[in-house]
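Residue numbers are given in numbering that gives the first Met the number 0: position 314 of the first sequence equals residue 313, and the series is strictly consecutive.
Encoded as structure tokens, the structure appears first; notes follow it.
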Amino acid sequence: MDLKFIRNNPELAKQIIRRRNESISIDEILQIDEVRRKTIQMRDQLRMEHRRLTEEIAQRKVQQTPVEELIIQAKELADKIRQIEAEVKQKETELEKKLAYVPNVIHESVPNEDTIVKNWGDIPKFSFKPRPHWELGETLDIIDFKRAAKLAGSRFVLFKGPGALLERSLINFCLDVHIKKHGYIEINPPSLNLEICFYNSGALPKLADEMYRCANDPFYLIPTAEVPLVNLHQNECFAEKDLPKYYTAYTPCFRREAGSYGKDVRGMIRIHQFDKVELVKFTVPEQSYHEHEKMREDVEELLQLLELPYRVKLLSPSEMAFQSAKTYDIEVWAAGCEAWLEVSSISNCENFQAKRANIRVRRNNNELEYVHILNGSGLAFPRIFIALIENNQQPDGSVLIPKVLWSYMGGITKIE
RNA sequence: GGAGAGAUGGCCGAGUGGACGAAGGCGCAUGACUCGAAAUCAUGUUUUGCCGUAAGGCAAACGGGGGUUCGAAUCCCCCUCUCUCCGCCA
């Protein structure tokens, strides 16, 4: 929601804030905006007068008639303008600060409660009690939490031998499907990004506590490749024929998990650094919901190829990310933890990020318009790794590798 | 890290204090000419904010920020990025 939207639809804006469980005050914003506009009018009026004076001075200089009196007048005016300019700037800053906390609109198809819209695959049955990944990983010597803790403390993981290979294979497999089959362009971006990029994508200011910040440099570690991918085209203007644009990137993702001390403490369901392949699309507005469904299919296809049972959840407004207008979460079943793990979140952010990052499209009719930007995980790995080894474990403690990964695993079909 | 050069509209490129939102060229759009096209000619061709139902009006912007001045693309300071050279390094 931008300022104009709020100004034209104050009641709707308030309703959206309520439904999303946000707390920013629309009335306060409108109040500041009104003062701001009045001040701008005053400023522009004075500037006009000042300009007239300046032009008069220039003319008189040419005609060599005296100008001292005019200069004194202009000087006074200039002082006054400087004052009012400062006021305008102050109001604008104040307003900007508030607007930074205004979330995106909600798409009409979003329900009030989280809704499961699809189930795929059968939950695996076992003749024995399936073990969780932290046990399996230790027995197979492919995950080492103790040594990871030596390096980085709790909530970090370290893959070893075939485990490291499996993680790497998963990454490559996902990238390859997106690149070769779905037409995404691979990007390998910096993992440290400038503050402005986080603001543009919607991570800042809201999630400041969730991110790692560099002490001596103006960077944050990215919590997702959504940040660099969305910002690739910062301050750019597409030609309509160049859209849609599909990007994918593998990056490590860093999250402080500040608000989740008691949650998912065992294993690697929730860790500070994890691998993820991300998808981002830039589209014209009228295509974005179609592209949103397509992106979801792209992600689902990976899970089907990996033979992991999953369900698709359409999120309610209070569960959606700040920048998203509509989000699907995809969750896989992990037999050892006996839980559905979120492995992808697929969002249409409409023009929210495009407005912040100033990314537009020159339409065929020559008009300028903000693009729509979508993002989705495809996929988030340690959790895929978890589901894979937990679901594919055998009575003897070994783990079968799905067929699609064999070539990536150098022919290994089983970890034992 | 040190030294130097640069950043102007969709692109190239001029502009060292007032007549510059910005010459000239290219590109693009529309029109004329043409059976049609090319060439040629003519006209047009940035964005943002504020006011206005609209037509339109006003203001701002020459990498970003600050300063000098009645007046800044032009002078001064800081920053960013690009290029060249030196140092260092996977």
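A virtual CB, placed ideally from N, CA and C, is assigned to each residue, including glycine.
Check: Are there three or more Cβ pairs, one per stretch, closer than 8 Å when the region 261–273 is compared with the region 368–377?
Finding: When Cβ pairs closer than 8 Å are counted between the two stretches, the region 261–273 is seen not to touch the region 368–377, the count staying below three.
Checklist line | DSSP beta-bridge partners of Lys-312 | finding: If you number the first sequence from 1, residue 312 lands on position 313. Answer is Ile-115, Asp-328, bridged to Lys-312.
Margin query: So if DSSP puts Arg-413 in a beta bridge, which residue, or which two residues, is it bridged to?
Written below: As a working mapping, residue 413 is identified with position 414 in the first sequence. This sequence places Lys at residue 413; Arg is not what is there. Bridge partners of Lys-413: Leu-399.
Notebook entry, point to check: Just the Cα atoms here: how many angstroms apart are Lys-159 and Ala-333?
Noted result: In the first sequence, counting from the first residue as 1, residue 159 sits at position 160. In the first sequence, counting from the first residue as 1, residue 333 sits at position 334. So the alpha carbons of these two residues sit roughly 21 Å apart.
Check: Which word fits Thr-412, buried or exposed, when buried means at least 16 other C-beta atoms lie within 10 angstroms of its C-beta?
Finding: Numbered from 1 along the first sequence, position 413 holds the residue referred to as residue 412. It is exposed - the Cβ of Thr-412 has fewer than 16 other Cβ atoms within 10 Å.
Notebook entry, point to check: For Asn-118, does the count of other Cβ atoms within 10 angstroms reach 16, so buried, or fall short, so exposed?
Noted result: Start at 1 with the first residue of the first sequence, and residue 118 comes out as number 119. In the assembly as shown, Asn-118 is an exposed residue. Its beta-carbon has fewer than 16 other beta-carbons within 10 Å.
Item checked: Cβ-heavy atom distance, Val-61 to the ligand ZN, below 8 Å -> This structure lacks the ligand ZN, and indeed carries no ligand of any kind.
Next item on the list: Within its chain, find whatever has a CB closer than 6 Å to the CB of Ile-71; leave out the 5 residues flanking it on each side and keep chain order.
Entry: In the first sequence, counting from the first residue as 1, residue 71 sits at position 72. Counting only Cβ-Cβ distances below 6 Å, and skipping sequence neighbours, we find nothing.
Note to self: Closest to Ala-148 by C-alpha separation, out of Leu-193, His-271, Ile-115, would be which residue?
What the structure shows: Here residue 148 is taken as the residue at index 149 of the first sequence, counted from 1. Checking every option, the nearest Cα to that of Ala-148 belongs to His-271.
Next item on the list: Please state if the CB of Ile-28 and the CB of Val-101 are separated by a distance shorter than 9 Å.
Entry: The sequence position of residue 101 within the first sequence is 102, counting from 1. The sequence position of residue 28 within the first sequence is 29, counting from 1. Yes. Within cutoff.
Check: How is the alpha helix (DSSP H) around His-431 delimited, first residue to last?
Finding: As displayed, the chain neither begins before 0 nor continues past 415, which places residue 431 out of reach and without an answer.
Next item on the list: Given a cut-off of 9 Å, decide if Leu-278 and Gly-375 are closer than it, judged by their beta-carbon atoms.
Entry: As a working note, residue 375 is residue 376 in the first sequence. As a working note, residue 278 is residue 279 in the first sequence. In contact: Gly-375 and Leu-278 (Cβ atoms closer than 9 Å).
Next item on the list: Could you say if the region 381–391 and the region 211–221 meet the contact criterion of at least three C-beta pairs nearer than 8 Å?
Entry: no
Notebook entry, point to check: Name the DSSP beta bridge partners of Tyr-219, please?
Noted result: Locating residue 219 in the first sequence gives position 220, counting from the first residue. Paired residues: Asn-192, Arg-212.
Checklist line | Given Lys-79 as reference, the closest of Phe-351, His-49, Thr-64, Arg-59 once Cα atoms are compared | finding: By one-based count along the first sequence, residue 79 stands at place 80. Residue His-49 is the option with its Cα nearest to Lys-79.
Check: Is there contact between the region 128–136 and the region 341–358, where contact requires at least three CB pairs shorter than 8 Å?
Finding: no
Notebook entry, point to check: Between the C-alpha atoms of Ile-400 and Tyr-407, what's the straight-line distance to the nearest angstrom?
Noted result: Indexing the first sequence from 1 puts residue 400 at position 401. Indexing the first sequence from 1 puts residue 407 at position 408. Rounded to the nearest angstrom, the two C-alpha atoms are 11 Å apart.
Checklist line | Beta-carbon spacing of Lys-325, Ile-115 below 9 Å | finding: Sequence index remark: in the first sequence, residue 325 carries index 326 (1-based). Sequence index remark: in the first sequence, residue 115 carries index 116 (1-based). It is not a contact, given that the beta carbons lie outside the stated cut-off.
Next item on the list: Let me know if Arg-17 comes out buried or exposed under the rule of 16 or more other beta-carbons within 10 Å of its beta-carbon.
Entry: One-based indexing of the first sequence puts residue 17 at position 18. Exposed.
Check: Between Leu-52 and Pro-65, what straight-line distance do the alpha-carbon atoms span, to the nearest angstrom?
Finding: Translated into positions along the first sequence, residue 52 becomes position 53. Translated into positions along the first sequence, residue 65 becomes position 66. So the two alpha carbons sit approximately 13 Å from each other.
Notebook entry, point to check: Straight-line CA distance for Ala-73 to Phe-197?
Noted result: As a first step, residue 73 is located in the first sequence; it is residue number 74 there, counting from the start. As a first step, residue 197 is located in the first sequence; it is residue number 198 there, counting from the start. Between Ala-73 and Phe-197, the C-alpha separation is close to 43 Å.
Margin query: Check whether the region 225–239 and the region 352–367 are in contact - that is, three or more C-beta pairs closer than 8 Å.
Written below: By the C-beta criterion, the region 225–239 is judged to be in contact with the region 352–367, since at least 3 inter-stretch pairs fall below 8 Å.
Check: Just how far apart, CA to CA, sit Arg-382 and Leu-340?
Finding: Translated into the one-based positions of the first sequence, residue 382 becomes position 383. Translated into the one-based positions of the first sequence, residue 340 becomes position 341. So the two alpha carbons sit approximately 7 Å from each other.
Check: Opposite Phe-237 in the DSSP bridges: which residues?
Finding: Walking along the first sequence from the start, residue 237 turns up at place 238. DSSP links Phe-237 through a beta bridge to Val-360.
Check: Counting along the chain, where does the beta strand (DSSP E) carrying Ala-248 start and finish?
Finding: Start at 1 with the first residue of the first sequence, and residue 248 comes out as number 249. Start and end: 244–253.
Checklist line | For Ile-16, three-class secondary structure by DSSP | finding: Against the first sequence, residue 16 aligns to sequence position 17. When secondary structure is reduced to three states using DSSP, Ile-16 falls in the helix class.
Note to self: I'd like the span of the alpha helix (DSSP H) that includes Ser-226, first residue to last.
What the structure shows: Here residue 226 refers to the residue found at position 227 when the first sequence is read from its first residue. A small fix is needed here, since residue 226 is Val in this sequence, not Ser. Residues 225–230.
Note to self: Please state the DSSP three-state secondary structure of Lys-88.
What the structure shows: Locating residue 88 in the first sequence gives position 89, where the first residue counts as 1. Helix.
Check: Considering only residues of the same chain and omitting the five flanking positions on each side of Pro-123, which have a CB-CB separation below 6 Å?
Finding: For this step, residue 123 is matched to residue 124 along the first sequence. So the qualifying residues of the chain are Ala-334, Asn-390.
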